[in-house]
Amino acid sequence: MVVNNLNKLNREFYSRDTETVAKELLGKILVHEIDGNRIAGKIVETEAYLGVIDKAAHSYGGRKTPRVEIMYGKAGLSYVFIIYGMYYCFNVVTQKEGIPEAVLIRALEPVNELDIIANERFKKNYKDLTKTQIKNLTNGPGKLCNALKIDKRLNGEDLCNDNLYIEDNNENFNIVTSNRIGIDYSEEAKDFPLRFYIENNKYVSVK
6 MVVNNLNKLN
16 REFYSRDTET
26 VAKELLGKIL
36 VHEIDGNRIA
46 GKIVETEAYL
56 GVIDKAAHSY
66 GGRKTPRVEI
76 MYGKAGLSYV
86 FIIYGMYYCF
96 NVVTQKEGIP
106 EAVLIRALEP
116 VNELDIIANE
126 RFKKNYKDLT
136 KTQIKNLTNG
146 PGKLCNALKI
156 DKRLNGEDLC
166 NDNLYIEDNN
176 ENFNIVTSNR
186 IGIDYSEEAK
196 DFPLRFYIEN
206 NKYVSVK
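Using the numbering used here, the letters of the sequence shown correspond one by one to residues 6 to 212.
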């Protein structure tokens, strides 16, 4: 599948209810243009984070540190942070400016520049990957950032520009809703049904 920069999502798409945006990002195409290449993947799994009322969100209770300042900015900015000192996570800022909410992109299905993606993840060409390696290319937030060369330098990137962006993509599928993953510390928020994924897609991180 080759993506074309014809239907880039605009600011209005992101400037809405976070849960709605998280669902509607499914099936869309995340593109990173770098070194003359268009590395891309279809979004197959997301999680919504609801800011000041959400104990799993970095901005819970109105927390405003240099790390989370981006979340208070305009919708359509990228929020990239690092976990365990080694894995990057890519988020899309949503809502109106001043409301610190975002959507975590949890998994992608690779669709473009497959050899680049394979080399970033496993130092191999795509045709040389095992079935297990193919499944594990981008089926997690850290993996997809590695595959698409997304790191802290892209924190605050405007997704309405031409470097890192998301394109519309018309496709029919069923959406599965579940609790979010890896946030057992967040008390009642760990049970919020704010994780969404495309049913039967093999690149979803956990089914």
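Ideal Cβ placement from N, Cα and C applies to all residues, glycine included.
Where does residue i sit, in a helix, a strand or coil, going by DSSP?
i: Y131; result: helix
i: A27; result: helix
i: S83; result: strand
i: R200; result: strand
i: E106; result: strand
i: S210; result: coil
i: E192; result: helix
i: V97; result: strand
i: V57; result: helix
i: P71; result: coil
i: N166; result: coil
i: K13; result: strand
Excluding the 5 residues preceding and the 5 following residue i in the sequence, name in chain order all residues of the same chain whose CB lies nearer than 7 Å to its CB.
i: D196; result: N184
i: A109; result: Looking at the sequence shown, residue 109 is not Ala but Leu. If we look at L109 and ignore the five residues flanking it on each side, its Cβ neighbours are T51, E52, Y54, C94, N96, P146.
i: P71; result: none
Quick one: what's residue i bridged to in DSSP?
i: I34; result: K47, E172
i: Y19; result: For Y19, which the question treats as bridged, DSSP gives no partner whatsoever.
Take residue i and list the residues in its own chain whose beta-carbon comes closer than 8 Å to its own, dropping the five residues that flank it on each side.
i: I180; result: K28, L31, F201, Y202, I203, E204
i: E192; result: K60
i: I188; result: A61, A194, K195
i: E102; result: Y77, G78, K79, A80
Any C-beta of chain D sitting closer than 7 Å to the C-beta of residue i?
i: V73; result: The chain labelled as chain D is not found in the depicted structure, where only one protein chain is given.
Can you give the beta carbon distance from residue i to residue j, rounded, assuming they're within the 8 Å contact cut?
i: A53; j: E74; result: With a Cβ gap of about 20 Å, A53 and E74 do not count as contacting.
i: H37; j: I155; result: 6 Å
i: I171; j: V211; result: The pair is not a contact, with the Cβ atoms about 23 Å apart (cut-off 8 Å).
i: N224; j: A45; result: Lying before the first or after the last residue shown, residue 224 is absent from the chain, which here runs from 6 to 212.
i: P105; j: T143; result: That belief does not hold up - the Cβ atoms of P105 and T143 are roughly 27 Å apart, past 8 Å.
- Report yes or no: do three or more beta-carbon pairs, one from the region 120-127 and one from the region 82-98, lie closer than 8 Å? no
- Message: I'd like to know if the region 68-84 and the region 14-24 are in contact, where contact means that at least 3 CB-CB pairs between them fall below 8 Å.
- Response: yes
- Message: I want to know whether the region 160-173 touches the region 134-148 - three or more CB-CB distances under 8 Å.
- Response: no
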